[in-house]
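Undergrad: I am attaching a structure below and will ask some questions about it afterwards.
Residue numbers (the working numbering), protein chains in the order written: chain A, 8 to 259; chain B, 8 to 259.
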């Protein structure tokens, strides 16, 4: 049984609390947040506190806080030589105060408070400074996920950057599609099967092979039509830049 | 029973042939292609021809050919006053030669020859010039899909344009993510659950509500880190443009 204490109360912290609580191999001993009101509704399930001097002893402390808060919070911890990990995609483990053993526990997924997630399919990127800590952290990760992986900070930074492309930027393309269709009284809902199929296709086939459409075919007539239909200069610029990018990739 | 003749042998033609053949309400009477070799392997399932003067009589002729070929092929048809439809997202029904009754049968999906598709979930956009033809075409569409919809040419053009954003452009973002991760020895595979979750989320929640990440939070430190990590000017430009777009959408 691995004992864990969670620090922070954002989406990652909340989803991790749920996942750890459901695992028979993990005991969440305590949940800390600066503002206790946010976690008060959990007080019947776990010991909660807003007093950092009152933290219990545990095998692993998980700092699920914003990137900027990691260094300071870690320096306030009232103990030494315990395993302290953060959950950030872009912060170095060395940002954690060196009085403790340090590591990273980064779940590669988008979390919303209202949407439940199945942790078993979420890749968790692990990094520690020693092998013994790696084994301990890996045991924690495999207790909730079937996809854990040792990832160094450079690789993690590239995954975090790539995640912005496939999640935030892709979602903005969906948003633009929403605007384009609604402007003409067409239904965004009609695009939903295509959105799913596009994501499904690259589960099996590489994005390079999966590409189709006017940019790849260099269908100038359709590209011209589309640019004319877009009355926003911003959307025209996005259309041009991504069309050029596809044509570079596919050697046009 | 509706009788249909398919003209063309690309991905859409092939997938439509399969779907119509499996429907008990449709009889595919003939399949025409200029180059008969491409459809020769189907000769035991359907009458095939490369001679346009030998086309049989049928209720509906489906021109599943490239946008540029629609007008010419329709003018070569050796009959009049029959229902002839094309399958294009961006071509007007009036591009079909006026000696026949005209319409559009546009399945809103991405088709690859090797990937089987479940037509029942694919939206089919229908347009005809008369009500009687609409009822006939709708019967054909509902024989293979549960999502048929009357869509005028302006709406269809906007759906086709929006499809380029959610399919081709999104796929290019996946491609860029592939390059970014592999360049650092990280695995693109680790992004696949996130890709799926991003597409799944907007099946229920609007893309506006689904947005998260550094651009929306205006997390300047992370944005700066990411731009530094991207060594390609092209990818930096895409990152900046889509970050600006997210910030405009979310009022930053």
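We put the CB at the ideal spot given by N, CA and C, even for glycine.
Give me the subset of the segment 159-185 of chain A whose CB atoms are less than 7 Å from a CB atom of chain B, sorted by chain position.
TA: Within the segment 159-185 of chain A, the residues whose Cβ lies closer than 7 Å to any Cβ of chain B are, in chain order, 161, 162, 164, 165, 166, 168, 169, 170, 171, 172, 173, 174, 175, 176, 177, 178, 179, 180, 181, 182, 183, 184, 185.
Undergrad: Measure the alpha-carbon distance for residue 85 (chain B) versus residue 17 (chain B) and round it to whole angstroms.
TA: Numbered from 1 along the second chain, position 78 holds the residue referred to as residue 85 (chain B). Numbered from 1 along the second chain, position 10 holds the residue referred to as residue 17 (chain B). Cα to Cα, the separation comes out at about 22 Å.
Undergrad: Locate the alpha helix (DSSP H) running through residue 230 (chain A), then write down its first and last residues.
TA: Position 223 of the first chain, counted from the start, is the residue given in the question as residue 230 (chain A). Under the DSSP assignment, residue 230 (chain A) falls in the alpha helix (DSSP H) whose first and last residues are 227-236.
Undergrad: Three or more beta-carbon pairs under 8 Å between the segment 153-171 of chain A and the segment 174-192 of chain B, yes or no?
TA: These segments touch.
Undergrad: Between the Cα of residue 104 (chain A) and the Cα atoms of A:68, A:125, A:151, which residue gives the shortest distance?
TA: Along the first chain, one-based indexing puts residue 104 (chain A) at 97. It is A:68.
Undergrad: At a CB distance below 9 Å, what residues from the segment 197-220 of chain A approach chain E? Give them in sequence order.
TA: The chain labelled as chain E is not found among the protein chains of the depicted structure, namely A and B.
Undergrad: Once DSSP output is grouped into helix, strand and coil, what is the label at residue 25 (chain A)?
TA: On the first chain, residue 25 (chain A) is found 18 positions in, with the first residue counted as 1. Note: residue 25 (chain A) maps to helix in three-state DSSP.
Undergrad: Got a sec: is the Cβ-Cβ distance from residue 111 (chain A) to anything in chain B below 8 Å?
TA: Within the first chain, the letter at position 104 stands for residue 111 (chain A). Residue 111 (chain A) does not count as touching chain B.
Undergrad: Could you tell me whether the Cβ atoms of residue 150 (chain B) and residue 32 (chain B) are closer together than 8 Å?
TA: Translated into positions along the second chain, residue 150 (chain B) becomes position 143. Translated into positions along the second chain, residue 32 (chain B) becomes position 25. Cβ distance < 8 Å, so residue 150 (chain B) and residue 32 (chain B) count as in contact.
Undergrad: Following the continuous alpha helix (DSSP H) through residue 246 (chain A), name the residue where it begins and the one where it ends.
TA: If you number the first chain from 1, residue 246 (chain A) lands on position 239. Start and end: 240-256.
Undergrad: Tell me the rounded alpha-carbon separation between residue 192 (chain A) and residue 159 (chain B).
TA: As a working note, residue 192 (chain A) is residue 185 in the first chain. As a working note, residue 159 (chain B) is residue 152 in the second chain. Those two C-alpha atoms are separated by around 10 Å.
Undergrad: Could one say the Cβ of residue 150 (chain B) lies closer than 8 Å to chain A's Cβ atoms, at least one of them?
TA: What you label residue 150 (chain B) is simply residue 143 of the second chain in a count that begins at 1. It does not; no Cβ of chain A falls within 8 Å.
Undergrad: Using 8 Å as the limit for Cβ to Cβ distance, is residue 236 (chain B) near chain A?
TA: Counted from its first residue, the second chain places residue 236 (chain B) at position 229. Yes, because at least one Cβ of chain A sits closer than 8 Å to the Cβ of residue 236 (chain B).
Undergrad: Measuring alpha carbon to alpha carbon, tell me which residue in B:65, B:73, B:28 is nearest residue 87 (chain B).
TA: Here residue 87 (chain B) refers to the residue found at position 80 of the second chain. The residue with the shortest Cα to Cα distance from residue 87 (chain B) is B:65.
Undergrad: Thinking just about the alpha-carbon of each residue, which of A:111, A:91, A:174 is nearest to the one in residue 97 (chain A)?
TA: Here residue 97 (chain A) refers to the residue found at position 90 when the first chain is read from its first residue. Out of A:111, A:91, A:174, A:111 has the C-alpha closest to the C-alpha of residue 97 (chain A).
Undergrad: Would the segment 198-206 of chain B and the segment 207-214 of chain A be scored as touching if the rule is three or more Cβ pairs under 8 Å?
TA: yes
Undergrad: Are the Cβ atoms of residue 47 (chain B) and residue 55 (chain B) separated by less than 8 Å?
TA: On the second chain, residue 47 (chain B) is found 40 positions in, with the first residue counted as 1. On the second chain, residue 55 (chain B) is found 48 positions in, with the first residue counted as 1. Yes, they are a contact pair.
Undergrad: Give me the chain B residues within the contact set of residue 187 (chain A), using Cβ-Cβ distance strictly less than 9 Å, ordered along the chain.
TA: As a position in the first chain, residue 187 (chain A) is number 180, starting the count at 1. Chain B residues near residue 187 (chain A): 165, 166, 168, 169, 172.
Undergrad: Residues of chain A with CB closer than 8 Å to the CB of residue 94 (chain B), please, in chain order.
TA: Numbered from 1 along the second chain, position 87 holds the residue referred to as residue 94 (chain B). In chain order: nothing, as chain A lies at least about 14 Å away.
Undergrad: Anything in chain A within Cβ reach of residue 74 (chain B), meaning under 8 Å, just list it in chain order.
TA: Sequence index remark: in the second chain, residue 74 (chain B) carries index 67 (1-based). What residue 74 (chain B) touches in chain A: 226, 228, 229.
Undergrad: Under the three-state reduction of DSSP, which class applies to residue 95 (chain A): helix, strand or coil?
TA: Here residue 95 (chain A) corresponds to residue number 88 of the first chain, with the count starting at 1. Reduced to three states, the DSSP call for residue 95 (chain A) is coil.
Undergrad: Between residue 100 (chain B) and chain A, is any beta-carbon pair separated by less than 8 Å?
TA: One-based indexing of the second chain puts residue 100 (chain B) at position 93. Answer no: the Cβ-Cβ gap between residue 100 (chain B) and chain A never drops below 8 Å.
Undergrad: For residue 57 (chain B), verify whether its CB is less than 7 Å away from any heavy atom of the ligand COA.
TA: Looking for the ligand COA in the displayed structure turns up nothing, as the structure carries no ligands at all.
Undergrad: Could you tell me the distance, in whole angstroms, from the CA atom of residue 230 (chain A) to the CA atom of residue 250 (chain A)?
TA: Taking the first chain and counting its residues from 1, one reaches residue 230 (chain A) at position 223. Taking the first chain and counting its residues from 1, one reaches residue 250 (chain A) at position 243. Computed Cα separation, rounded: 9 Å.
Undergrad: What is the residue span of the alpha helix (DSSP H) that residue 79 (chain A) lies within?
TA: Within the first chain, numbered from 1, the residue matching residue 79 (chain A) stands at position 72. Element bounds for residue 79 (chain A): 77-83.
Undergrad: Could you spell out the range, first to last residue, of the beta strand (DSSP E) harbouring residue 211 (chain A)?
TA: Position 204 of the first chain, counted from the first residue, corresponds to residue 211 (chain A). Run containing residue 211 (chain A): none in the beta strand (DSSP E); it sits in the alpha helix (DSSP H), 199-211.
Undergrad: Residue 197 (chain A) to residue 117 (chain B), Cα distance in whole Å?
TA: For this step, residue 197 (chain A) is matched to residue 190 along the first chain. For this step, residue 117 (chain B) is matched to residue 110 along the second chain. Rounded to the nearest angstrom, the two C-alpha atoms are 13 Å apart.
Undergrad: Closer than 8 Å by beta-carbon distance: list the chain B residues that pair up with residue 16 (chain A), in chain order.
TA: Sequence index remark: in the first chain, residue 16 (chain A) carries index 9 (1-based). Within chain B, no residue comes near residue 16 (chain A); the closest Cβ sits about 17 Å away, beyond 8 Å.
Undergrad: Measuring only between beta-carbons, confirm whether residue 258 (chain B) sits less than 8 Å from chain A.
TA: For the purposes of this step, residue 258 (chain B) is taken as residue 251 along the second chain, with counting starting at 1. Cβ-Cβ to chain A under 8 Å: no for residue 258 (chain B).
Undergrad: Would you mind reading off the limits of the beta strand (DSSP E) that contains residue 13 (chain A)?
TA: Against the first chain, residue 13 (chain A) aligns to sequence position 6. For residue 13 (chain A), the enclosing beta strand (DSSP E) starts and ends at 9-14.
Undergrad: Since residue 195 (chain B) contacts residue 184 (chain B) with CB under 8 Å, what's their CB separation in whole angstroms?
TA: Here the question's residue 195 (chain B) lines up with position 188 in the second chain. Here the question's residue 184 (chain B) lines up with position 177 in the second chain. Rounded, the Cβ-Cβ distance is 7 Å, consistent with contact.
Undergrad: What residue from A:127, A:256, A:101, A:161 has the CA that sits closest to residue 154 (chain A)'s CA?
TA: Taking the first residue of the first chain as position 1, residue 154 (chain A) is located at position 147. Comparing Cα-Cα distances from residue 154 (chain A) to each of A:127, A:256, A:101, A:161, the minimum goes to A:127.
Undergrad: Taking 8 Å as the threshold (beta carbon to beta carbon), is residue 232 (chain A) in contact with chain B?
TA: Stepping through the first chain from its first residue, residue 232 (chain A) is reached at position 225. Yes, residue 232 (chain A) lies at the interface with chain B (some Cβ there is under 8 Å from its Cβ).
Undergrad: Just to confirm, is the Cβ distance from residue 179 (chain B) to residue 253 (chain A) under 8 Å?
TA: Translated into positions along the second chain, residue 179 (chain B) becomes position 172. Translated into positions along the first chain, residue 253 (chain A) becomes position 246. Residue 179 (chain B) places its beta carbon less than 8 Å from that of residue 253 (chain A).
Undergrad: State yes or no: is the beta carbon of residue 241 (chain B) nearer than 8 Å to at least one beta carbon in chain A?
TA: Stepping through the second chain from its first residue, residue 241 (chain B) is reached at position 234. Yes, residue 241 (chain B) counts as interfacial toward chain A.
Undergrad: Under a Cβ-count criterion, where at least 16 other Cβ atoms within 10 Å of its own Cβ denotes burial, should residue 258 (chain A) be classed as buried or exposed?
TA: Your numbering for residue 258 (chain A) matches position 251 in the first chain. Classified as exposed, residue 258 (chain A) has fewer than 16 neighbouring CB atoms from the shown chains inside 10 Å of its CB.
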